[in-house]
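As structure tokens, the structure follows; a few thoughts come after it.
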Ligand code: GLY
């Protein structure tokens, strides 16, 4: 068996290439990194890597992580500025015995010392979004925060090894130094090849309150199917946040077990994800909630065309 699953339509191209590699026998550990790099490099994805949206100071601070489900080794970077591929830095940190998590200036210095490529990650288009958001919110005294999309990718290889990787520019207009769930082990990602893996996207502040990815893997280890684990964790967390805090942000997850069975759950209207396995041809699904269950179906051509138009639409300045 082999398989790969990722959050959001933006992962399609990277997942497609890595699915072919996994089918041919490539390792999960590198397949997830390669797939995330494809997303990081694409300038029109405004919540990951190059072209990601900036902090309130107009800087792009990137977070990423990688985890190996065989050894439980992991690496993560936070608030990394102007390095081309944060997920590659996270992957390299995952092979260090110490200093697995580096943030800010220390992360940048380490990346440069290891030969990672410096690159200006702020694009003109991201600055156009930034100026528009300032005009529409900050200038009027309104909250600038809105949804944002992390890429999280899980792979299972033919040898039975699993890995997960994440990458995000985090909350648009976030404070300098803010971290979300994506570089936090157990919240934005978790992977154990003896059980399975999970990864999250949505509001990090709320996803972290449930240690969401670890909890999904734990429930799979106790015998739940991936879909049962994903649905139960997301809707229980949402209920708890609503009853104890009065609000719940966007919460979405994908997961896969060691047999290549997968699940997805969301509390938002439309969450897309991409999956390919030995028995499931490469497909983009759109997931919607129906009460306490997530239902999903393949997207159609109209959906894909609307998506392509949306990410290219001119930004009114
Ligand atoms: N889920 C990504 C973040 O909150 O930064």
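Residue numbers (the numbering used here): 380 to 696.
Glycine is no exception: its CB is placed at the ideal position from the N, C-alpha and C atoms.
* **8 Å Cβ shell around residue 498 - same chain, five flanking residues per side excluded** => In the chain shown, counting from the first residue as 1, residue 498 sits at position 119. 429, 461, 462, 463.
* To do: Name the one or two DSSP bridge partners that residue 333 has.
  => The requested residue 333 does not occur in the structure, where the chain is confined to residues 380 to 696.
* To do: Measure the alpha-carbon distance for residue 398 versus residue 488 and round it to whole angstroms.
  => Locating residue 398 in the chain shown gives position 19, where the first residue counts as 1. Locating residue 488 in the chain shown gives position 109, where the first residue counts as 1. Between residue 398 and residue 488, the C-alpha separation is close to 33 Å.
* **Minimum C-alpha distance to residue 552 - residue among 604, 505, 495** => As a working note, residue 552 is residue 173 in the chain shown. Ranking the options by Cα distance to residue 552, first place goes to 505.
* To do: Quick one: using the 10 Å Cβ neighbour count with 16 as the cut-off for buried, is residue 582 buried or exposed?
  => Along the chain shown, read from residue 1 onward, the residue named residue 582 stands at position 203. By the 10 Å Cβ count, residue 582 comes out buried.
* Asked: Taking residue 470 as the reference, which of 494, 492, 574, 443 has the closest Cα?
  -> Taking the first residue of the chain shown as position 1, residue 470 is located at position 91. Residue 443 is the option with its Cα nearest to residue 470.
* From residue 445 to residue 472, what does the alpha carbon distance come to, in whole angstroms? -> Within the chain shown, numbered from 1, the residue matching residue 445 stands at position 66. Within the chain shown, numbered from 1, the residue matching residue 472 stands at position 93. Using only the alpha carbons, I get a separation of about 9 Å.
* Using only alpha-carbon positions, find the residue among 419, 381, 413 that is nearest to residue 401. => Taking the chain shown and counting its residues from 1, the one referred to as residue 401 is at position 22. Per the Cα distances, 381.
* Asked: CB residue 592 to CB residue 609, shorter than 7 Å?
  -> What you label residue 592 is simply residue 213 of the chain shown in a count that begins at 1. What you label residue 609 is simply residue 230 of the chain shown in a count that begins at 1. No, they are not a contact pair.
* First and last residue of the uninterrupted alpha helix (DSSP H) at residue 486 -> To locate residue 486, count along the chain shown from 1; it is residue 107. Residue 486 -> alpha helix (DSSP H) spans 483–492.
* To do: State the CB to CB distance for the pair residue 577 and residue 412, rounded to an integer number of angstroms; the pair is presumed to be in contact (CB under 8 Å).
  => In the chain shown, counting from the first residue as 1, residue 577 sits at position 198. In the chain shown, counting from the first residue as 1, residue 412 sits at position 33. The Cβ separation is near 18 Å, so there is no contact.
* Asked: Cβ atoms of residue 418 and residue 424: under 7 Å apart, would you say?
  -> For the purposes of this step, residue 424 is taken as residue 45 along the chain shown, with counting starting at 1. For the purposes of this step, residue 418 is taken as residue 39 along the chain shown, with counting starting at 1. Against a cut-off of 7 Å, the Cβ pair of residue 418 and residue 424 comes out as a contact.
* Asked: What are the complete alpha helix (DSSP H) segments, minimum 4 residues, inside the segment 492–570?
  -> 503–515
* Between the CA atoms of residue 508 and residue 483 - distance to the nearest angstrom -> Residue numbering aside, residue 483 sits at position 104 when the chain shown is read from its first letter. Residue numbering aside, residue 508 sits at position 129 when the chain shown is read from its first letter. Roughly 24 Å separates the two Cα atoms.
* Contacts around residue 439, its chain only, beta-carbon distance under 8 Å, and the 5 residues preceding and following it disregarded -> Counting from 1 along the chain shown, the entry for residue 439 is found at position 60. Cβ within range, chain order: 431, 432, 433, 460, 461, 500, 501, 505, 548.
* To do: Give me whichever residues DSSP pairs with residue 447 in a beta bridge.
  => Taking the first residue of the chain shown as position 1, residue 447 is located at position 68. In the DSSP output, where bridge partners are listed per residue, residue 447 has 542.
* Asked: Count the other CB atoms within 10 Å of the CB of residue 342; is the residue buried (16 or more) or exposed (fewer)?
  -> There is no way to answer for residue 342, as the model of the chain reaches only from 380 to 696.
* **Inter-residue Cα distance where the pair is residue 436 and residue 554** => Taking the chain shown and counting its residues from 1, one reaches residue 436 at position 57. Taking the chain shown and counting its residues from 1, one reaches residue 554 at position 175. Near 8 Å, if we compare the C-alpha coordinates of residue 554 and residue 436.
* **Between the CA atoms of residue 512 and residue 503 - distance to the nearest angstrom** => As a first step, residue 503 is located in the chain shown; it is residue number 124 there, counting from the start. As a first step, residue 512 is located in the chain shown; it is residue number 133 there, counting from the start. Those two C-alpha atoms are separated by around 14 Å.
* To do: Tell me the start and end of each unbroken alpha helix (DSSP H) in the segment 380–407 that is at least 4 residues and wholly inside, in chain order.
  => Runs of the alpha helix (DSSP H) inside the segment 380–407: 391–402.
* To do: Report yes if the C-beta distance between residue 627 and residue 615 is below 7 Å; otherwise report no.
  => For the purposes of this step, residue 627 is taken as the residue at position 248 of the chain shown. For the purposes of this step, residue 615 is taken as the residue at position 236 of the chain shown. Contact: no.
* Can you find a heavy atom of the ligand GLY that lies under 6 Å from the Cβ of residue 560? -> Against the chain shown, residue 560 aligns to sequence position 181. True, at least one ligand heavy atom lies under 6 Å from that Cβ.
* **Cross-strand partners of residue 634 (DSSP beta bridge)** => Walking along the chain shown from the start, residue 634 turns up at place 255. Answer is 577, 642, bridged to residue 634.
* To do: With DSSP as the reference, label residue 441 as helix, strand or coil.
  => Residue numbering aside, residue 441 sits at position 62 when the chain shown is read from its first letter. Reduced to three states, the DSSP call for residue 441 is strand.
* Are the CB atoms of residue 570 and residue 448 nearer to each other than 7 Å? -> Position 191 of the chain shown, counted from the first residue, corresponds to residue 570. Position 69 of the chain shown, counted from the first residue, corresponds to residue 448. Yes, the Cβ-Cβ distance between residue 570 and residue 448 is below 7 Å.
* residue 556 CB to nearest heavy atom of the ligand GLY below 6 Å -> In the chain shown, counting from the first residue as 1, residue 556 sits at position 177. Residue 556 Cβ: outside cutoff for every heavy atom of the ligand GLY.
* Asked: Quick one: what's got a C-beta closer than 8 Å to residue 662's C-beta in the same chain, skipping five residues either side?
  -> One-based indexing of the chain shown puts residue 662 at position 283. For residue 662, where only same-chain residues beyond five positions count, the Cβ hits under 8 Å are 653, 654, 655, 677.
* Asked: If you draw a straight line from the C-alpha of residue 648 to the C-alpha of residue 490, how long is it?
  -> To locate residue 648, count along the chain shown from 1; it is residue 269. To locate residue 490, count along the chain shown from 1; it is residue 111. Roughly 38 Å separates the two Cα atoms.
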